[in-house]
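Under this note's numbering, think of the first position of the sequence shown as 1454, with each following residue one higher.
Yeah, the Cβ is synthetic: ideal placement off N, Cα and C, and Gly gets one too.
Nothing here was measured: the structure is a model prediction, and the numbers come from that model.
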Amino acid sequence: MIVVSILGVLSAVAIPQYLSYVEISKRGVTISNFRTAIKAVQGEISKKTTGKPVASDMVLTLNDLQRRNKDPYDSSLDAFTDFGATQLGQVGISVRDFRPLNPGDTIDLSVSYVENDGTVASRTETVTVR
């Protein structure tokens, strides 16, 4: 009976802590994916301005990077998607095809994730073609 009581107390402490670690991990992966997308978009813009071939489908390119990126909150979803169609943990990108972009055009990126206090937060970033 004492063993069961001890296990109960340990479970009461350990399970919430474990769930907290899981949420922190998901948020970290989501923010990392967001930063990866920003760098990839900036790289494609840099290629375009130097006349090099650019991605015809940035969302597909990012999802296939590193063996198919998945949404950390729902592994049945891709990590990167069209802007405006995002679910929690997905990074939305407003432009898929970089080939027709011209100087002054913008690409918007957005992401949403869960903060430590359980609220849903979001970030957006706009990258301009130069």
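Quick one, which of the options has its alpha-carbon nearest residue i's?
i, options, result
"Tyr1526", "Val1466, Glu1578, Val1475, Gln1470", "Val1475"
"Gly1557", "Ile1498, Val1582, Val1507", "Val1582"
"Leu1472", "Phe1533, Met1454, Thr1577, Asp1570", "Asp1570"
"Gly1545", "Arg1488, Leu1460, Gly1461, Val1462", "Arg1488"
"Gly1542", "Ile1477, Asn1555, Val1494", "Ile1477"
"Thr1483", "Phe1533, Arg1521, Thr1579", "Phe1533"
"Phe1551", "Ser1485, Arg1521, Gly1496", "Gly1496"
Could you spell out the range, first to last residue, of the alpha helix (DSSP H) harbouring residue i?
i, result
"Ala1574", "Where Ala1574 is concerned, there is no enclosing alpha helix (DSSP H), although the beta strand (DSSP E) it sits in stretches over 1573-1581."
Tell me whether residue i sits in a helix, a strand or coil according to DSSP, three-state version.
i, result
"Leu1530", "strand"
"Glu1476", "helix"
Is any heavy atom of the ligand GDP found at a distance shorter than 7 Å from the C-beta of residue i?
i, result
"Gln1470", "Among the ligands in the structure shown, none appear at all, so the ligand GDP cannot be discussed."
- Is the stretch 1459-1468 touching the stretch 1504-1519, taking contact as three or more C-beta pairs under 8 Å? The answer is no - the stretch 1504-1519 does not touch the stretch 1459-1468, with fewer than three Cβ pairs under 8 Å.
- Message: My parser needs the beta strand (DSSP E) runs of 3 or more residues fully inside the stretch 1480-1566; what are they?
- Response: 1527-1531, 1533-1535, 1544-1546
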